[in-house]
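2 protein chains.
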Amino acid sequence: MLTEIQEGKAFDSVVKHITQEKINLYAEASGDFNPIHIDESFAAKTPLGGTIAHGMLSLAYVSEMMTSAFGRNWLSEGKLRAKFKEPAHPGDTLTINGKIDCIEQEDDVSYANCSFECRNQKGEMIVTGETIVKFSSDKK
Amino acid sequence: MLTEIQEGKAFDSVVKHITQEKINLYAEASGDFNPIHIDESFAAKTPLGGTIAHGMLSLAYVSEMMTSAFGRNWLSEGKLRAKFKEPAHPGDTLTINGKIDCIEQEDDVSYANCSFECRNQKGEMIVTGETIVKFSSDKK
Chain A
1 MLTEIQEGKA FDSVVKHITQ EKINLYAEAS GDFNPIHIDE SFAAKTPLGG TIAHGMLSLA
61 YVSEMMTSAF GRNWLSEGKL RAKFKEPAHP GDTLTINGKI DCIEQEDDVS YANCSFECRN
121 QKGEMIVTGE TIVKFSSDKK
Chain B
141 MLTEIQEGKA FDSVVKHITQ EKINLYAEAS GDFNPIHIDE SFAAKTPLGG TIAHGMLSLA
201 YVSEMMTSAF GRNWLSEGKL RAKFKEPAHP GDTLTINGKI DCIEQEDDVS YANCSFECRN
261 QKGEMIVTGE TIVKFSSDKK
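Here is the structure:
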């Protein structure tokens with residue numbers, strides 16, 4: 001959890017290595033067995049050139065970063081906006097960074113407006129977006 | 141895949157039963173082992189009264205609905221906005237519904253603006269939000 005919720009505060013980065021095994025586990029967990037994720041010979045023949053991770057797997061890592069920073073305030077009433085830019089492939093290493101851009105206050109409730117980026121090892125943007133977390137000001 | 145992309149078109153619903161086993165699989169796939177998701181005795185002592193599914197698991201089901209409707213157009217360049225309203229618990233059955241609200245055209249590219257809802261078996265809203273999918277108008 002963040003010790004201080006303040007504007008400009010960066011979150012601890014999350015770094016994840018993508019493997020076909022993790023993608024297969026994700027397919028089982030989510031029930032999404034689209035062949036573009038799990039069938040390597042099918043995927044190799046598509047313009048994507050191989051299997052890709054579920055886009056929501058990258059968002060799961062964003063959520064992990066947000067949970068580490070905000071705990072239950074993120075889990076119960078978070079808001080998220082995401083743009084999927086490029087797919088992640090097995091072998092990629094994803095780094096998720098984020099920070100608090102600004103804090104808005106309304107009576108005794110505060111909102112942390114945050115931004116995040118998920119990039120691969122080449123620096124290519126995989127997902128970018130914003131999150132909003134509501135918290136009681138007395139917890140500041 | 142949708143045979144016709146047109147305003148008002150509803151997607152095929154996705155119905156999923158949440159189990160602790162699926163949550164555990166999701167924890168492994170995502171690497172998010174927060175005890176609120178997987179430690180039943182810990183979670184029982186919190187105000188949430190028991191373990192909860194990762195919020196992104198519900199979004200994975202939304203993504204599955206969107207992939208069924210739009211295929212690669214969703215996977216490669218989708219946009220998503222989500223509000224997490226209530227957590228989902230093991231034993232819940234989630235139903236995800238969505239539709240195309242409007243289509244915007246810009247030169248030879250079109251954008252389907254869609255909305256979705258994920259509710260539990262009591263009708264309580266778990267996640268709600270919007271998605272945008274870009275597609276070539278000649279595929280209409």
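These protein sequence lines map, in sequence, to chains A and B.
Numbered as in the numbering used here, the first sequence ends at 140 without a single skipped number.
Numbered as in the numbering used here, the second sequence ends at 280 without a single skipped number.
Ideal placement from N, C-alpha and C gives every residue a C-beta, glycine not left out.
Could you work out which residues of chain A lie near leucine 199 of chain B, taking near to mean beta carbons separated by less than 7 Å?
Reading the second sequence from its first residue, position 59 is the one you call residue 199 of chain B. Under the 7 Å cutoff, chain A gives Met56, Leu59.
Any C-beta of chain A within less than 7 Å: which residues of the segment 206-240 of chain B qualify?
Listed by position along the chain: Thr207, Leu215, Ser216, Glu217, Gly218, Lys219, Leu220, Arg221, Ala222, Lys223, Phe224, Pro227.
Counting C-beta neighbours from all protein chains within 10 Å, is the total for threonine 67 of chain A 16 or more, i.e. buried, or is it exposed?
Here the question's residue 67 of chain A lines up with position 67 in the first sequence. Label assigned to threonine 67 of chain A: buried.
Using a Cβ cut-off of 9 Å, pull out every chain A residue sitting near serine 276 of chain B, in sequence order please.
Looking up residue 276 of chain B in the second sequence gives position 136. Residues of chain A passing the Cβ test: none, with the nearest at roughly 14 Å.
Can you tell me whether DSSP reads serine 13 of chain A as helix, strand or coil?
Here the question's residue 13 of chain A lines up with position 13 in the first sequence. In the structure shown, serine 13 of chain A sits in coil (DSSP, three-state: anything other than H, G, I, E or B).
What does DSSP give as the partner residue(s) for glutamine 245 of chain B in the beta ladder?
The residue you call residue 245 of chain B lines up with position 105 of the second sequence. Looking at the DSSP assignment, glutamine 245 of chain B forms a beta bridge with B/Ser250.
Please specify which runs of the alpha helix (DSSP H), each continuous and at least 4 residues long, are wholly inside the segment 20-68 of chain A, giving them in chain order.
The segment 20-68 of chain A contains these whole alpha helix (DSSP H) runs: 20-30, 35-38, 40-44.
Does glutamate 244 of chain B have its Cβ less than 7 Å from a Cβ in chain A?
Within the second sequence, the letter at position 104 stands for residue 244 of chain B. By this cut-off, glutamate 244 of chain B is not an interface position.
Can you tell me whether asparagine 213 of chain B is helix, strand or coil according to DSSP?
Numbered from 1 along the second sequence, position 73 holds the residue referred to as residue 213 of chain B. Asparagine 213 of chain B: helix per DSSP, three-state reduction.
Determine, using beta carbons only, whether asparagine 174 of chain B comes closer than 7 Å to chain A.
As a working mapping, residue 174 of chain B is identified with position 34 in the second sequence. It does; some Cβ of chain A falls within 7 Å.
In its own chain, which residues sit with a C-beta less than 8 Å from the C-beta of serine 153 of chain B, not counting the 5 before and 5 after it?
Along the second sequence, one-based indexing puts residue 153 of chain B at 13. Correct list, in chain order: Met205, Thr235, Ile236, Asn237.
For the segment 121-134 of chain A and the segment 70-77 of chain A, state whether three or more C-beta atom pairs, one from each stretch, are separated by less than 8 Å.
Touching, yes, given that three or more Cβ pairs across the two stretches are closer than 8 Å.
Are the segment 183-203 of chain B and the segment 163-170 of chain B in contact at 8 Å, needing three or more beta carbon pairs?
Judged by Cβ distances under 8 Å, the segment 183-203 of chain B makes contact with the segment 163-170 of chain B, as three or more pairs qualify.
Count the other C-beta atoms from every protein chain shown that fall within 10 angstroms of the C-beta of threonine 19 of chain A, then say buried if there are 16 or more, exposed otherwise.
One-based indexing of the first sequence puts residue 19 of chain A at position 19. Classification of threonine 19 of chain A: exposed, given that the 10 Å Cβ count is below 16.
Do we get a CB-CB distance below 7 Å when we pair lysine 139 of chain A with the residues of chain B?
For this step, residue 139 of chain A is matched to residue 139 along the first sequence. In this prediction, lysine 139 of chain A scores a pLDDT of 44, lower than 50, which makes its location untrustworthy; no coordinate-derived value is stated.
Going by CA-CA distance only, name the one from A/Phe42, A/Ser115, A/Thr128, A/Leu75 that's closest to glycine 8 of chain A.
Indexing the first sequence from 1 puts residue 8 of chain A at position 8. Closest by alpha carbon: A/Ser115.
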